[in-house]
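>
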Amino acid sequence: MTELSESPVLSQCAVYADMFGFRHTMKIAHQDETKITRTRSRLYALILSVLGPAQLAKLYPYLQTRLERLLDKELSPAQMHADGSLCLPLAETCRVMASRMMGLMFFGEELTSNPAFSKAVYDHPQQTVRCMALFQLMPRVISPLIHTIVTRRGAAMKLILNLFMPIIDSETKNWTEPAGLKELTLLDIFTKETQATRDYWSPETLTQALMGLLLAASHQPWEILHEEIRTAQETQPLDYQRLTQLPLLDSFMRETARLVLLDKWNIRRKALKDYTFTDGTPHVPVGATICVSSYNVSHDPATYPDPETFDGRRFVDGNHKDSTHRYADVSEHYLIWGYGSLACPGRFHATLILKLALVNILLRYHIRLEDPKMQSHWMYEAFSMPYESTKVIFTPRGTAERCNK
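FYI, the numbering for the sequence shown is 1 to 405, going by the UniProt record's numbering.
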């Protein structure tokens with residue numbers, strides 16, 4: 001697995017460039033892909049794995065305020081029941097919450113308060129995924145036409161570029177984002193860290209890199225999670241450090257990711273030339289793609305006893321044989337973030353967003369599916385895709401307790 005992950009002949013970028021059609025969706029030329037991969041990988045590793053996590057504790061109060069505003073105001077037009085509960089489309093609600101919070105983390109308050117910009121940041125990843133699906137089904141020759149139709153001639157990316165270019169051109173000096181949050185945003189960090197190599201990191205390539213990273217985050221056990229969170233909040237404020245020290249929350253999230261994989265294949269690599277592994281097999285011809293079955297890894301009974309059963313306490317009670325137990329960990333038995341040096345560098349940021357959203361929702365609401373028999377997702381090739389029709393009922397906790405008396 002390590003050789004598959006680390007060999008320079010087996011390219012991660014080439015696989016995803018083919019899948020997502022980056023020459024169309026991100027405007028990356030095919031002949032530049034290898035150079036871009038090496039240059040960007042170094043920058044991503046520096047910023048997201050080193051500088052980025054150091055900023056998360058400082059970002060926490062801004063993200064908390066943004067999430068509270070979303071829950072208090074932006075969800076209010078939703079369909080409301082007589083008891084005050086909200087009926088919300090699951091997939092769309094999750095995307096909006098993630099987009100708003102990731103937008104703040106990446107781009108700050110000023111840009112994300114612009115409705116047109118927020119819509120573009122929300123639309124661009126969705127359009128890229130739609131293009132990916134269609135690119136797999138249609139002849140490659142019509143990929144440019146597919147991209148033009150799905151993205152409406154790249155309208156979202158063009159709007160983002162137009163807003164970013166003056167900021168990057170001025171090295172963020174002309175950016176009116178308030179001090180404090182500005183220095184914590186990835187846009188500011190990226191711009192300053194690439195200043196010495198602006199000949200390569202132009203406003204266009206820097207914007208593409210940021211958008212690439214952004215593209216690159218109803219069971220009863222919810223109640224045991226609520227108890228852990230409520231107890232932690234009662235003893236002291238639930239700040240960033242406390243949020244990272246909730247073992248049951250980590251266990252629940254990791255078990256969910258293990259059992260319901262977003263992608264059944266991982267560590268995808270495309271051979272840039274003929275390659276044979278050091279033990280003699282397999283032999284991978286140039287242009288072929290090789291990968292690992294993350295489904296088999298995460299459902300191996302030798303590592304996870306009773307692997308088809310959801311056990312929210314699995315990584316608290318030790319009902320596994322993996323050396324890691326946290327949601328953001330990387331392991332050969334847990335591949336949702338990839339593996340080795342190319343494991344997702346943004347996993348700490350994504351984990352913070354997910355934990356913050358989940359904690360705030362659980363403290364406010366009881367959660368249940370509108371239709372308990374409704375399936376929440378379907379499979380497209382190796383990918384798990386959400387049903388847009390699946391709805392969730394959010395019942396305010398005070399209301400639910402009164403109704404049960």
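Here a beta-carbon is modelled for each residue, glycine too, at the ideal position from N, C-alpha and C.
Express the C-alpha separation of S118 and W265 in angstroms, rounding to a whole number.
If I take the Cα positions, the gap works out to 31 Å.
> In the DSSP output, what is M80 paired with across the bridge?
According to DSSP, M80 bridges with L86.
> Let me make sure I understand the geometry here. Which of L187, E110, R397 and V316 has the alpha-carbon closest to that of T176?
If we check each option's Cα against that of T176, E110 comes out closest.
> Across which residues does DSSP place A271 in a beta bridge pair?
In the DSSP output, where bridge partners are listed per residue, A271 has L10.
> What is the DSSP secondary structure of P139, counted as helix, strand or coil?
If DSSP states are grouped into helix, strand and coil, P139 belongs with coil.
> Tell me which same chain residues have a C-beta within less than 6 Å of the C-beta of R242, skipping the five on either side of it?
Excluding sequence neighbours, R242 sits near A232.
> Go ahead and pull the three-state DSSP assignment for T390.
T390: coil per DSSP, three-state reduction.
> So, at 6 Å on beta carbons, what are the nonlocal neighbours of I167 in its own chain, with the 5 sequence-adjacent residues on each side left out?
W175.
> How many angstroms separate the CA atom of Q12 from the CA atom of S85?
The straight-line gap from Cα to Cα measures roughly 45 Å.
> Distance check for Y387 and G398, CA to CA, integer angstroms please.
Spanning the two alpha carbons is a distance of roughly 30 Å.
> Work out the CA separation of A302 and M97 for me, nearest whole Å.
Straight-line Cα distance between these residues: approximately 37 Å.
> Can you tell which of L187, P115 and M105 has its C-alpha closest to the C-alpha of A159?
Reading off the sequence, residue 159 comes out as Leu, not Ala. Comparing Cα-Cα distances from L159 to each of L187, P115 and M105, the minimum goes to P115.
> Pull up the CB-CB distance for A343 and L10, whole angstroms please, since I reckon it's below 8 Å.
That belief does not hold up - the Cβ atoms of A343 and L10 are roughly 15 Å apart, past 8 Å.
> Cβ of E6 within 7 Å of Cβ of G340?
In contact: E6 and G340 (Cβ atoms closer than 7 Å).
> Quick check: the region 291-300 against the region 276-283, are at least 3 beta-carbon pairs closer than 8 Å?
Because the criterion of three Cβ pairs below 8 Å is not met, the region 276-283 and the region 291-300 do not touch.
> Rounded to whole angstroms, what's the CA-CA distance from L161 to P345? Just pull it up for me.
Taking the straight line joining both Cα atoms gives about 24 Å.
> Just how far apart, CA to CA, sit H366 and F394?
Roughly 6 Å between the two C-alpha positions.
> Considering Cα atoms alone, identify which of H320, V392 and P144 is closest to D300.
Of H320, V392 and P144, the residue nearest in Cα terms is H320.
> Between D311 and H349, what straight-line distance do the alpha-carbon atoms span, to the nearest angstrom?
Taking the straight line joining both Cα atoms gives about 25 Å.
> What first and last residue would you give for the beta strand (DSSP E) that runs through Q289?
Sequence inspection shows Thr at residue 289; the Gln mentioned does not correspond to that position. Element bounds for T289: T289 to S293.
> Where do the ends of the alpha helix (DSSP H) carrying H320 lie?
First-last for H320: undefined, no H or E at that position.
> Rounded to the nearest angstrom, what separates D18 and E3 at their Cα positions?
Looking at the two C-alpha atoms, the distance is approximately 22 Å.
> Output the distance between the C-alpha atoms of L70 and Q55, rounded to the nearest integer angstrom.
About 22 Å.
> Can you tell me the Cα-Cα spacing of residue 491 and R326, whole angstroms?
Here the chain has residues from 1 to 405 only, and residue 491 is not among them.
> Going by C-alpha distance, which of M1, R153 and P61 is nearest I353?
Of M1, R153 and P61, the residue nearest in Cα terms is P61.
> Which stretch, first to last residue, makes up the beta strand (DSSP E) that contains R368?
From DSSP, the beta strand (DSSP E) with R368 extends over Y365 to L369.
> Excluding the 5 residues flanking L248 on each side, which residues of the same chain have their C-beta closer than 8 Å to its C-beta?
For L248, where only same-chain residues beyond five positions count, the Cβ hits under 8 Å are I224, L225, E228, G312, R313 and V316.
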